[in-house]
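Heads up: the sequence shown runs through residues 1 to 474, numbered per full-length UniProt numbering.
Notes for the one structure printed next.
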Amino acid sequence: MKVLFVVSEVEDLVKTGGLADVGKALPLALAELGHEVTIVLPYYRQLAEKFNADDICEKQTLFSGHEAYEFGVKQLDLQGLRVLAVDHSEFFNRKGLYADTYHAYADNAERFAFFAHAAIKTAQVVNFQPDIVHCNDWHTALTPYFVSIDDTGFFAKSRTVFTIHNGAYQGAHRFSEIPYLQPHYNLHSQLDGDALNYVKMGIRYANKINAVSPNYAQELLTPLGSHYLFEEFQRRYSDVSGILNGCDYSQWDPTTDPHIAQNYQLDDLSGKKACKADIQKEVGLPQQANVPLIGMVCRLTDQKGFGFILPILEQLMQHKVQLAIIGTGDPYISQILKDTAAKHSTKCAFVEDFSVRKAHMIEAGSDFFLMPSLFEPCGLNQMYSLAYGTLPIVRAVGGLKDTVVDIAQQPENATGFIFEEPTGAALLSCIQRALLFYHEDPKEFEAVVKRAMATHFTWQDAAAEYVSLYQAAI
1 MKVLFVVSEV EDLVKTGGLA DVGKALPLAL AELGHEVTIV LPYYRQLAEK FNADDICEKQ
61 TLFSGHEAYE FGVKQLDLQG LRVLAVDHSE FFNRKGLYAD TYHAYADNAE RFAFFAHAAI
121 KTAQVVNFQP DIVHCNDWHT ALTPYFVSID DTGFFAKSRT VFTIHNGAYQ GAHRFSEIPY
181 LQPHYNLHSQ LDGDALNYVK MGIRYANKIN AVSPNYAQEL LTPLGSHYLF EEFQRRYSDV
241 SGILNGCDYS QWDPTTDPHI AQNYQLDDLS GKKACKADIQ KEVGLPQQAN VPLIGMVCRL
301 TDQKGFGFIL PILEQLMQHK VQLAIIGTGD PYISQILKDT AAKHSTKCAF VEDFSVRKAH
361 MIEAGSDFFL MPSLFEPCGL NQMYSLAYGT LPIVRAVGGL KDTVVDIAQQ PENATGFIFE
421 EPTGAALLSC IQRALLFYHE DPKEFEAVVK RAMATHFTWQ DAAAEYVSLY QAAI
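In structure tokens:
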């Protein structure tokens, strides 16, 4: 099949988060299966500074009413895959992708409405007639709409797939403030008051809708887990599915990881002790080999479960344990973590920073990895943790539930610890179970560590499921 993969960021080219990982890994895995994939993304300033690519065709123009939007098309390479970048400097020649520091650009709705349209125009320019147009998250959610109204016949046999990576971010904007869409009078029937919700548009116009884990797809079909889009998902119930993201084990492998103190493998875990001492030294904790270390690397947001973590910090500090948290975000959360680390300096460390090196050090050196998310569409850190023999402590939501097996529920298949209730008390109880297991049964603890390291979630498996989804759409 020919797949036009429309996405707002791609690992190795430009990245702000996990969406970029999918933007690279899935197209490459599809290509390995023999499919012809072309990626389309905006030509951001970061791309221009990195590649300084030439136009591959003459300037193109999209008209919206009486306004003309001229853009160029650049071509880049991603491990042999063709990547086409839409170059409209007014929208994309900026410091950030979506925001200037912490403030989202006021015209993001305009920028990505244009991009969603320009993406399919770009396919026409290079004569790439796709069987599937695969768009991702709210930034590209209008693409199925633009495919549906295209009157050239170019996309007559094309079908659209809309992947929801995080349904909480919906791209809801005042329609009156999106000049590019003003001539589209048929959109007035899609409004909620004066608001146009981009994710709703993706759900309504795509031929198939999928989430990035089976459990998250099921949550989206419930009133509680649908991010207030329950009726929209219910209308498309038969077209909603979930496919678990894969993990890039070429970057997350303790046997070859260049960021950690000592490499180790499933049949020789001795290097993990050196990694533990290394991260303890890095964050300023005592280098105590027999004290369980719980690590966490994430954005400091409510989504990541800090509403459960903060209320139990003092109680947790009463145990024989160390806690190391690395991340940036909400100043309120940051201050409480700083205060706790100052009060319990031998048990708690907080580093208000993020670096790839520290993230790898935490994964390799910790005994447990904490991920008590309020919701988690897929999650990648629990997959990294499993690969490094660092047992995840997670809440039973989204992809966390799909990837971690609790020791109390299935002892013979266990890879971590799970709690369900969204409360601090439930989290503390789960952590206490994990600590008790660590202290009381070292031999079985090592067996679970090895089982975790043998657990893999590959992009090859995910790509095969996407091919089935594409075939169902066609």
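Every residue gets a Cβ at the ideal spot worked out from N, C-alpha and C, and that includes glycine.
Restricting attention to Q79, T61 and I474, the CA atom closest to the CA of V10 is found in Q79. With fewer than 16 other Cβ atoms inside 10 Å of its own Cβ, R357 counts as exposed. S241 and E376 have their alpha carbons spaced roughly 16 Å apart. Every alpha helix (DSSP H) stretch that sits fully inside the region 121–193 and reaches 4 residues is listed by chain position as 143–149. Listed as beta-bridge partners of M296 by DSSP are I325.
Listed in chain order, the non-local C-beta contacts of D239 below 6 Å within the same chain comprise K208 and I209, local neighbours out to five positions each way being set aside. Taking C-beta atoms under 8 Å as the contact rule, T38 and F92 fail to qualify, at a distance of about 19 Å. Take Q262, set aside five residues on each side of it, and the residues of its chain with a beta-carbon closer than 7 Å to its own are G271, A274 and C275, in chain order. As a beta-bridge residue in DSSP terms, E36 pairs with K2. Taking 9 Å as the cut-off, the Cβ atoms of Y43 and H88 count as close. Of P422, F350 and I431, the smallest CA-CA separation from F369 is found for I431.
Contact between Q315 and L428 holds: CB atoms are separated by about 6 Å, below the 8 Å threshold. Remark: fewer than three beta-carbon pairs, one from each stretch, lie closer than 8 Å, so the region 382–395 and the region 167–183 are not flagged as touching.
If you draw a 10 Å sphere on the C-beta of F63, you find fewer than 16 other C-beta atoms in it, and that means exposed. Remark: fewer than three beta-carbon pairs, one from each stretch, lie closer than 8 Å, so the region 247–263 and the region 187–203 are not flagged as touching. For A447, the closest C-alpha among the options P311, A99 and D267 is that of D267. If you draw a straight line from the Cα of F154 to the Cα of P130, it is about 9 Å long. In this structure, the straight-line span from the alpha carbon of M453 to that of V125 is close to 46 Å.
A distance below 9 Å separates the beta carbons of L81 and A31.
Here R451 has N413, A414 and T415 as same chain residues with Cβ atoms under 8 Å from its own Cβ, once five neighbours each way along the sequence are excluded.
Going by DSSP, D278 is part of the alpha helix (DSSP H) stretching over S270 to V283. Between G171 and Y198, the C-beta spacing is below 9 Å. Per DSSP, the beta bridge partners of A85 are L41 and K74.
Burial check for I474: the Cβ neighbour count within 10 Å stays below 16, so the residue is exposed. In the structure shown, F308 adopts helical secondary structure according to DSSP, grouped into three states. By the criterion of a C-beta distance shorter than 7 Å, D55 is surrounded in its chain by G72, V73 and K74, once the five residues flanking it on both sides are discounted.
Excluding its 5 nearest sequence neighbours in each direction, V212 has C-beta neighbours in its own chain below 6 Å: H165, N245, P377 and C378, listed in chain order.
Counted as a single uninterrupted DSSP element, the beta strand (DSSP E) harbouring P392 occupies residues L391 to R395. In the three-state reduction of the DSSP assignment, T61 falls in the strand class. For S241, the enclosing beta strand (DSSP E) covers residues V240 to G242.
Below 8 Å, too few C-beta pairs join the region 215–235 and the region 344–357 to call them touching: fewer than three. Listed in chain order, the beta strand (DSSP E) runs fully inside the region 345–411 are 348–351, 368–371 and 391–395, counting runs of at least 3 residues. Assigned with DSSP and collapsed to three states, Y216 falls in helix. By the neighbour-count criterion, in which a residue is buried when 16 or more other Cβ atoms sit within 10 angstroms of its Cβ, L33 is exposed. Residue pairing from DSSP places I209 in a beta bridge opposite F162 and V240. Of the residues assessed, A217 falls on the buried side of the cut-off, its CB having 16 or more other CB atoms within 10 angstroms.
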